[in-house]
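J.:
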Amino acid sequence: MTRTIYYVASTLDGFIADGHHSLDWLLKQDIDQGGPMNYGEFIGGVGAVLMGASTYEWIVKHQVSRGEAWLYAQPSWVFTHRELVAVDGADIRFTKAPVNDVHMAAADAAQGKNVWIVGGGNLAGQFADEGLLDELIELVPTSFPQVGWG
Ligand SMILES: NC(=O)c1ccc[n+]([C@@H]2O[C@H](COP(=O)([O-])OP(=O)(O)OC[C@H]3O[C@@H](n4cnc5c(N)ncnc54)[C@H](OP(=O)(O)O)[C@@H]3O)[C@@H](O)[C@H]2O)c1
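Residue numbers are given in numbering that gives the first Met the number 0: position 97 of the sequence shown equals residue 96, and the series is strictly consecutive.
1. Can you list, in chain order, the residues of its chain with a C-beta nearer than 8 angstroms to that of residue 127? Leave out the 5 residues immediately preceding and following it.
2. Does the beta carbon of residue 80 fall short of 7 angstroms from some heavy atom of ligand 1?
3. With DSSP collapsed to three states, give me the class of residue 76.
4. Specify the secondary structure class of residue 115 as computed by DSSP and reduced to three states.
5. Report the residue from 113, 82, 91 and 57 whose alpha carbon sits nearest the alpha carbon of residue 19.
6. So, helix, strand or coil for residue 2, using DSSP?
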């Protein structure tokens, strides 16, 4: 059965981003490191990916435009009110539709696998407000910075 999961990495004291809104600190970690809730196992159960425009633009600017592949094989929805450019070869759908509608489409596309709300926190909050989140998984790998940012 499809579950909608906000799976988020954080420091021990609850920060999900640094002061520059960078994901560098996260993506340079070996997050596929085994253990409960590890990324490798989690992503295998994901059939659709949802994120906000800032997260998308950061990935494009800092990874894709530097030659790295788009991170997700799953159909991906990016929430934005703007006209953004999709990554070549990736299944990316830009949307400003209500979260309920997008959630329905994503759950359908997931074909029995889970829907992952990647973030940011505000988008996850919109899903929570609509009662659409089944689960929150907060990953705190021991290799992550363990102090908060300002
Ligand atoms: N630790 C983690 O696991 C993790 C994972 C992902 C992200 N993050 C962090 O989260 C932060 C980004 O979060 P954020 O909240 O600032 O940005 P975000 O959610 O990635 O993007 C926010 C943008 O998404 C669009 N948006 C949001 N809700 C929408 C809706 N209902 N309809 C249409 N568009 C909508 C708007 O873009 P437009 O202006 O284009 O309309 C909005 O400005 C970053 O600092 C990042 O590092 C952390």
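Glycine residues also receive a C-beta, built at the ideal position from the N, C-alpha and C atoms.
T.: Here's the rundown:
1. 5
2. yes
3. strand
4. strand
5. Checked all of 113, 82, 91 and 57; the closest Cα to residue 19 is 57.
6. Residue state for residue 2 is assigned as coil, using DSSP reduced to three classes.
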